[in-house]
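There are 2 protein chains.
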Amino acid sequence: MRFTCTQPHIALAVSMVSRAMAVRSTLPMLEGIHIRAEGQEVYFKCMNMSMQIETRIDASVFEEGVVVLPGRLLSELLRRLPPEEMEVSVDEGNAATICCKSSRTTLQGLGADEFPQMPSEQGEDSMVLAQKTLRDMIKKTVFATASDETKPVLTGALLEVEDGAMTMVALDGYRLALRMEQTDPASPEQKAVIPAKSLNEIAKILQDEGKVRFSTFPGHARFEVGDSCVVTRLLEGEFIKYGQIIPKEHATRAHVKCADLTSSIERASLLAREGQNNLVKLSVSEEGIAITSRSEVGNAFERVDCDFEGKELEIAFNAAYLLDVLRVIEDESIVLDFNSSVSPCVAHPPEGEAYTYLILPVRIY
Amino acid sequence: MRFTCTQPHIALAVSMVSRAMAVRSTLPMLEGIHIRAEGQEVYFKCMNMSMQIETRIDASVFEEGVVVLPGRLLSELLRRLPPEEMEVSVDEGNAATICCKSSRTTLQGLGADEFPQMPSEQGEDSMVLAQKTLRDMIKKTVFATASDETKPVLTGALLEVEDGAMTMVALDGYRLALRMEQTDPASPEQKAVIPAKSLNEIAKILQDEGKVRFSTFPGHARFEVGDSCVVTRLLEGEFIKYGQIIPKEHATRAHVKCADLTSSIERASLLAREGQNNLVKLSVSEEGIAITSRSEVGNAFERVDCDFEGKELEIAFNAAYLLDVLRVIEDESIVLDFNSSVSPCVAHPPEGEAYTYLILPVRIY
Numbered sequence: 131m132r133f134t135c136t137q138p139h140i141a142l143a144v145s146m147v148s149r150a151m152a153v154r155s156t157l158p159m160l161e162g163i164h165i166r167a168e169g170q171e172v173y174f175k176c177m178n179m180s181m182q183i184e185t186r187i188d189a190s191v192f193e194e195g196v197v198v199l200p201g202r203l204l205s206e207l208l209r210r211l212p213p214e215e216m217e218v219s220v221d222e223g224n225a226a227t228i229c230c231k232s233s234r235t236t237l238q239g240l241g242a243d244e245f246p247q248m249p250s251e252q253g254e255d256s257m258v259l260a261q262k263t264l265r266d267m268i269k270k271t272v273f274a275t276a277s278d279e280t281k282p283v284l285t286g287a288l289l290e291v292e293d294g295a296m297t298m299v300a301l302d303g304y305r306l307a308l309r310m311e312q313t314d315p316a317s318p319e320q321k322a323v324i325p326a327k328s329l330n331e332i333a334k335i336l337q338d339e340g341k342v343r344f345s346t347f348p349g350h351a352r353f354e355v356g357d358s359c360v361v362t363r364l365l366e367g368e369f370i371k372y373g374q375i376i377p378k379e380h381a382t383r384a385h386v387k388c389a390d391l392t393s394s395i396e397r398a399s400l401l402a403r404e405g406q407n408n409l410v411k412l413s414v415s416e417e418g419i420a421i422t423s424r425s426e427v428g429n430a431f432e433r434v435d436c437d438f439e440g441k442e443l444e445i446a447f448n449a450a451y452l453l454d455v456l457r458v459i460e461d462e463s464i465v466l467d468f469n470s471s472v473s474p475c476v477a478h479p480p481e482g483e484a485y486t487y488l489i490l491p492v493r494i495y
Numbered sequence: 131m132r133f134t135c136t137q138p139h140i141a142l143a144v145s146m147v148s149r150a151m152a153v154r155s156t157l158p159m160l161e162g163i164h165i166r167a168e169g170q171e172v173y174f175k176c177m178n179m180s181m182q183i184e185t186r187i188d189a190s191v192f193e194e195g196v197v198v199l200p201g202r203l204l205s206e207l208l209r210r211l212p213p214e215e216m217e218v219s220v221d222e223g224n225a226a227t228i229c230c231k232s233s234r235t236t237l238q239g240l241g242a243d244e245f246p247q248m249p250s251e252q253g254e255d256s257m258v259l260a261q262k263t264l265r266d267m268i269k270k271t272v273f274a275t276a277s278d279e280t281k282p283v284l285t286g287a288l289l290e291v292e293d294g295a296m297t298m299v300a301l302d303g304y305r306l307a308l309r310m311e312q313t314d315p316a317s318p319e320q321k322a323v324i325p326a327k328s329l330n331e332i333a334k335i336l337q338d339e340g341k342v343r344f345s346t347f348p349g350h351a352r353f354e355v356g357d358s359c360v361v362t363r364l365l366e367g368e369f370i371k372y373g374q375i376i377p378k379e380h381a382t383r384a385h386v387k388c389a390d391l392t393s394s395i396e397r398a399s400l401l402a403r404e405g406q407n408n409l410v411k412l413s414v415s416e417e418g419i420a421i422t423s424r425s426e427v428g429n430a431f432e433r434v435d436c437d438f439e440g441k442e443l444e445i446a447f448n449a450a451y452l453l454d455v456l457r458v459i460e461d462e463s464i465v466l467d468f469n470s471s472v473s474p475c476v477a478h479p480p481e482g483e484a485y486t487y488l489i490l491p492v493r494i495y
């Protein structure tokens, strides 16, 4: 195998695929980058237990071939080479020599025969959406996935396309995050539970501009972004029927500025964190939302103005769950709906249904 | 105690002194910030085992007093308050209430009687220099202090004022870093070995503009920067007579561009790091400096142009020691002097004596 290309192109491609590179894998080959030169293109691929990323660059290929090179080393080397024309040549023993100006490095690679492969056909029912939209759906929900593995299906988010709406939902038993976007009513139905790990990497690839093509096929989902393609395994098992657990009614409603509420809860949580359970108490009334917390070291009292409707209420939350929601919201204000001090709080935008958050309260005696 | 001030002032003062706040101290009081309101000023102070930082702000003091407040909590709280007027009041039980707009936090403090204190008189023989100069002297030498404690005096840098020159020197048995600056010939003689930990914190306080006043008194050195004052303990013991170990002659000289040498050694060290001792070999000749490294995974060859004088030479180094030096040099080029493959390399600027670095080679067979 032998090809020439420019350093910025190959460095970008390798940095893209190495997001899926395995770390300390039981299969050492997965700590490598699979490289294939064919036609006038070079293809790069990495995979780990949950996902695979492939991309390609244009190159002058003088000899076709395929090899697996040590991933971390190759990627650190390419990043440090000057932005010049460079040559990669691989001998019959899989040793690759990388030349760029007066730098020449030889890396011992492996034959590519045993490199595993995820099925990567495009699903039949693909749909196209803005990269920015998908990234926002991930960012606004993925934090609510479960981090413990007792119910594996909850370590991922459900991506659902149905009746002209695309919905992403994550929940962990204490809170739920839902982000909804209108879509072409002709879009094919989809239902896939995607591991949080994969979603986090996909979000990093997605840009402000451009489109992404999404499709599913048995056990997998596929995202095509420009010249790159991400295939992720799906989580098996039935996702909780989330529609039933979101209360439709409310007895108390507070319309509040996000920035004010965030900074007040952040300050109150400094003391709450010192206590056992990061607990902040909210008293919602005509006079606004009063937030209190206490621990051995002291106590905090904060008041935030709000537009209030309904009956007064006292309720307590784990401050981290409130802050997780407030930190991803970009709207100026948010509406909080309550029913009682032992039923969940529902947060949603003042207008529209772009997102819905549900947070279970902590019982206080 | 009761005073009012503005959030930006108090937050800055607390963040300044908390650089010297002890972490997990056996004396819990040292995890606190000592606050004293007197006249129309409030004084803040923290200390740990090696240094003390004090500063002051203007304030409207309604009741004088002194207290020690939990350091980390106070500093996180102040950072999160809005940039408004605020009030601090402390009751007889040392509980401090901090009010700012609609936020009110109470922190339980301690009486200040048992807060330890470093002697903080100004030494008689003080001298003044530019903050930027002192920061540069620290930055260019402190990395060469010893990190193990077998010879405690080597965990600090020697600051010496003599015959119109101010010199900072650090060495750890494998390399030496020396930074020299002309000073007023009338400057009083000084000789102090300052712990690296203190120097690193002092460097963070120093700005591009303004002056710093430096003085020593038995066992301590004092740095005054604006309204702040840092007192650090000195290390005891005789510092090595470094003048004797810097070779005055050279058999080989290479004048080389720093950026080229740095990036070549960085690339070569990727493979060297995989080996046992991070070893890079330099061959210095008319043709430039050839840099090679090898490990089980592969090998690297780099060539860097240089102006060459003297006899050809092969020599090997720990790549990290070369890179530590190259990363702090801001000059475009540097001169490397060698005598043999088993004697140290001396690096210095093409003109002047602002810095001298000495690096011991690794013997290769």
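Residue numbers (our numbering), protein chains in the order written: chain U, 131 to 495; chain X, 131 to 495. Cβ atoms here follow ideal geometry from the backbone N, Cα and C, with glycine treated the same way.
Neighbour list for residue i in chain U, Cβ cutoff strictly below 9 Å
i	result
phenylalanine 431(X)	Ser232, Ser233, Arg234, Thr235, Thr236
leucine 329(X)	Ordered by position in chain U, no residue passes the 9 Å Cβ test against leucine 329(X), which lies about 30 Å from the chain.
Cutoff 8 Å: residue i Cβ touching any chain X Cβ
i	result
glutamate 217(U)	no
serine 394(U)	yes
glycine 195(U)	no
Cut-off 6 Å between Cβ atoms - residues of its own chain near residue i, not counting five sequence neighbours on either side
i	result
glutamate 368(U)	none
serine 423(X)	Ala398, Leu401, Ala402, Val410, Ala430
alanine 167(X)	Met131, Phe133, Val191, Glu194, Gly195
proline 138(X)	Pro213
proline 318(X)	Asp255
Own chain, CB closer than 8 Å to residue i, minus 5 neighbours either side, in chain order
i	result
alanine 446(U)	Leu409, Val410, Lys411, Leu412, Ser471, Pro491, Val492, Arg493, Ile494
aspartate 454(U)	Phe273, Ala274, Arg305
threonine 263(U)	Glu311
lysine 269(U)	Ala333, Val458
Contacts around residue i, its chain only, beta-carbon distance under 7 Å, and the 5 residues preceding and following it disregarded
i	result
arginine 362(X)	The sequence shown places threonine at residue 362(X), rather than the arginine named in the question. Here the set comprises Ser180, Met181, Ile324, Pro325, Ser328, His350, Ala351.
glycine 436(X)	Sequence inspection shows cysteine at residue 436(X); the glycine mentioned does not correspond to that position. For cysteine 436(X), where only same-chain residues beyond five positions count, the Cβ hits under 7 Å are Ala384, His385, Val386, Gly418, Ile419.
cysteine 229(X)	Met216, Glu217
leucine 240(U)	Met159, Gly162, Val198, Asn224
aspartate 188(X)	Gln170, Glu171
serine 205(U)	Val144, Ser145, Ser148
Residues bridged to residue i [DSSP beta-bridge criterion]
i	result
asparagine 448(U)	Leu409(U)
phenylalanine 347(X)	His350(X)
phenylalanine 431(U)	Thr422(U), Arg234(X)
histidine 385(X)	Asp437(X), Val465(X)
phenylalanine 174(U)	Ile165(U), Thr185(U)
alanine 225(X)	Gln238(X)
lysine 341(U)	Ala260(U)
arginine 305(X)	Ile489(X)
glycine 195(X)	Ala167(X)
alanine 477(U)	Leu466(U), Tyr487(U)
Beta-carbon neighbours of residue i, restricted to chain X and to distances below 8 Å
i	result
arginine 397(U)	Leu207, Arg210, Leu211, Ser233, Thr235
Beta carbon proximity, residue i to chain U, threshold 8 Å
i	result
glycine 162(X)	no
proline 200(X)	yes
valine 427(X)	yes
Whole-Å CB distance - residue i paired with residue j, under 8 Å assumed
i	j	result
glutamate 416(X)	phenylalanine 438(X)	5 Å
aspartate 314(U)	glycine 294(U)	7 Å
threonine 271(U)	alanine 226(U)	At roughly 41 Å, the Cβ-Cβ gap does not stay under 8 Å, so threonine 271(U) and alanine 226(U) are not in contact.
valine 355(U)	glutamine 261(U)	6 Å
valine 291(U)	glutamine 320(U)	4 Å
glutamate 184(X)	cysteine 359(X)	5 Å
Interface partners of residue i on chain X, CB under 7 Å
i	result
leucine 400(U)	Leu203, Glu206, Leu207
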